[in-house]
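Numbers 26 to 529, taken from the working numbering, label the letters of the first sequence in order.
We treat Cβ as the ideally placed atom computed from N, Cα and C, and that holds for glycine.
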Amino acid sequence: MPANAVDRLAEELGAVAGMKLELERPSDPAHGDFATNAALRAAASQRRPPRELAEELAAHARSLGAVERAEAAGPGFVNFFLADAWFADALAEMLAAGRDYGAGFAVRPEKVQVEMVSANPTGPLTVASARNAAYGDAVARLLEFGGHDVEREYYWNDAGRQMDLFRASVDAVRRGEPPPADGYQGDYVALLAAQAGDPVPAMLEQIRKTLHRFRVDFDSYTREADLADEVAPAMARIDTYESEGTLWARTTAQGDDKDRPLLRSSDGSFLYFASDVAYLARKLERHDRAIYVLGADHHGYVARLKAAAQMLGYDPQRVEVLIYQLVHLTRGGAQTKMSKRRGDVVFLDEFIDEIGVDAARWFLSDRSPEQTIEIDVDLAAEKSQKNPVYYVQYAHARIAGILRNARDAEMSAEPRGSLAPEERELVKRLAEFPALVAEAADRRGPHAVPLYAIRVADDFHRFYHDHRVLESDEQAFRLGLVKATQNVIWRALDLIGVEAPESM
RNA sequence: GCGCCCGUAGCUCAGUGGACAGAGCGGCGGACUUCUAAUCCGCGGGUCGCAGGUUCGAAUCCUGCCGGGCGCACCA
């Protein structure tokens, strides 16, 4: 039996009508609490007028207790108006589930590794990496909420040209010399120079702390050096050939646009792609699914990673590369460019100092990943009604206030009288949550969650404005309703790493 | 040149075939003796980049074009 009231209703309707159907919430309240276009969809294959099928479906639907009224409308929609009993059922299951309402939607739980950030430790994290962290972590949280076993992974280099350049830059400062050409500079280089020892692990530790502050914590850190023993065996498993004095992977045979060199011809050492292949093999040995979270500037990786999986003999479907577009910061309209090697950068720590973790995570999570983000720092820093993150948090805090005043007064999913329109709207909104979060996870699109949270806050604030909870005739029911609302808001915010305050 | 992403209200963006295309911000006007007014209510604003095509039906799918971003290393 489906776990939530909307799915259950859809299934019951489908059963009496003899067809599979999906319910949607019409934008126009005149079109009922829920509606379906099933008749329009089925019309072609059944070779019958959609309107006729809709009439039939409506007639069947009227036999259900949850349905108060059902009518065919428009070109072949069926609109359903639900009885109060359905709302009580829906609220009862929300209260029973608590903060886990909507959880466990994974049809087949998997072991999933989500690799994110993985920035070279040559400097503090920038806002570009912050989007990676915010997006990757939100996807990870969604998958966990669905029931998957998720590992958050950070891959870092401790060798290579950029590392050498970084170390040389720090050493130069230590000797009182200018950094090498194309080297790194800035206050953080001077700070690292003031400490003894290898600056690379020190920088990584600083990154780890910043991410922790950003509420993103990793289960595992893998270094390129950790893969050393696995590279040669991995090379033996894939399709290679020798040409121009080096070894090549024949990735073009698997859809890549060019073959990839594996060895540096000058000294015969393995190139980065060789480690990539070994690393991918390790990922797929240990996990059902390997997710990479990469910025748009790395989209060229997709084809070669898929090709590598194919050559290694794994189903390339198990490799998923999530690409997100870049971030632009504006301040009063003027753009701020980001580069680690110049002085005028915007670091994640500065960003958090300025707008706070909650606003930072919100604004890096509320746009679809394929959309370039533009954040006006001044606006995001404003703690006012302009800022949607506070609008949603305020709803949570308001409810906390009611619950404090209610002490341990009884809650009930059953209303004593009939429901007010604002109560019906709020219950329906909350009832959307399981499907919404399942779809957000499935599409790797966590931005749907904060946008939904705004809708919940809308419906709550409206309800709050029109109805008293405490000492009303419906106190028990309304306490239950606001508790369920608070749980959903808490969870929605938690899924994007934003806190839900008890007071504001 | 080739590949990926984007183009929807003044601005920032939702909307992966269905009912008149939505929200926030900005603008204007209202509402506190009440569990938090960081709230609520009302009013505006659109050739969904352009042109074809598929479909009973297209912002959504296909083709071409125009604009913008990002890639196309024996760097990572």
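Straight-line measurement puts the Cα of Y415 at about 39 Å from the Cα of E37. Here A278 is not near L305, since their CB atoms are 8 Å or more apart. Annotation: the stretch 120-197 contains the following complete segments of the alpha helix (DSSP H) (minimum length 4 residues), in chain order: 152-171.
For T235, the closest of D174, R166, E96 and V152 by C-alpha to C-alpha distance is V152. Judged by DSSP in its simplified three-state form, A315 adopts strand. Bridge pairing for W273: Y266 and P286 [DSSP]. A residue is called buried once 16 or more other Cβ atoms fall within 10 Å of its Cβ, and K453 is buried on that count. Taking C-beta separations shorter than 6 Å and ignoring five residues to either side along the sequence, the partners of A463 in its chain run F130, following chain order.
Counting other Cβ atoms within 10 Å of its Cβ, L287 reaches 16 or more and is therefore classed as buried. Taking C-beta atoms as the reference points, P134 and G172 count as a pair closer than 8 Å. Taking all protein chains in view, the Cβ of H237 is surrounded by fewer than 16 other Cβ atoms within 10 Å, so the residue is classified as exposed. Note: F102 is bridge-paired with A98 in the DSSP secondary-structure output.
The C-alpha of G90 lies about 32 Å from the C-alpha of I479. Of P203, E496 and H353, the smallest CA-CA separation from R156 is found for H353.
Secondary structure note for F458: its alpha helix (DSSP H) is the uninterrupted segment F458 to D467. According to the DSSP assignment, Y416 belongs to the alpha helix (DSSP H) that extends over P413 to A431.
Counting C-beta atoms within 10 angstroms of its own C-beta, A165 has 16 or more neighbours from the protein chains shown and is therefore classed as buried.
About 6 Å separates the CB atoms of W181 and S143; that is less than 8 Å, so the two are in contact. Annotation: S70 is outside any beta strand (DSSP E); the continuous alpha helix (DSSP H) that includes it extends over A63 to Q71. Under the criterion of beta carbons closer than 8 Å, I427 and V507 qualify as touching, at roughly 6 Å. Inter-residue distance for A465 and Y489 is about 28 Å (C-alpha atoms, whole angstroms).
Spanning the alpha carbons of L120 and R516 requires a straight line of approximately 14 Å. Distance from H492 to A445 at the Cβ level is roughly 6 Å; contact confirmed, criterion being Cβ atoms closer than 8 Å. Residue burial is scored here from C-beta neighbours: G442 has fewer than 16 other C-beta atoms within 10 angstroms and is therefore classed as exposed.
The Cβ atoms of V139 and V175 lie closer than 8 Å to each other.
Of the candidates L504, E448, E496 and D467, the residue whose Cα lies closest to the Cα of D483 is E448. L309 and F105 have their C-alpha atoms spaced approximately 47 Å apart. In the three-state DSSP reduction, R248 falls in the strand class (E or B). Within the same chain, P146 and W181 come within 7 Å of L229 by CB-CB distance, once the 5 residues on both sides are set aside. DSSP, reduced to helix, strand and coil, places V513 within a helical segment of the structure shown. As computed with DSSP, I348 is found in a beta bridge with L319.
For V92, the beta-bridge partners assigned by DSSP are L107. For the set A501, M529 and I521, the Cα lying nearest the Cα of L116 is the one of A501. Distance from the Cα of D162 is smallest, within the candidate group S390, I263, E80 and N512, for S390.
With the rule of 3 Cβ pairs closer than 8 Å, the stretch 379-389 counts as touching the stretch 399-406. Taking a contact as a CB-CB distance under 8 Å, the pair F243 and R177 counts as one, their CB atoms being some 5 Å apart.
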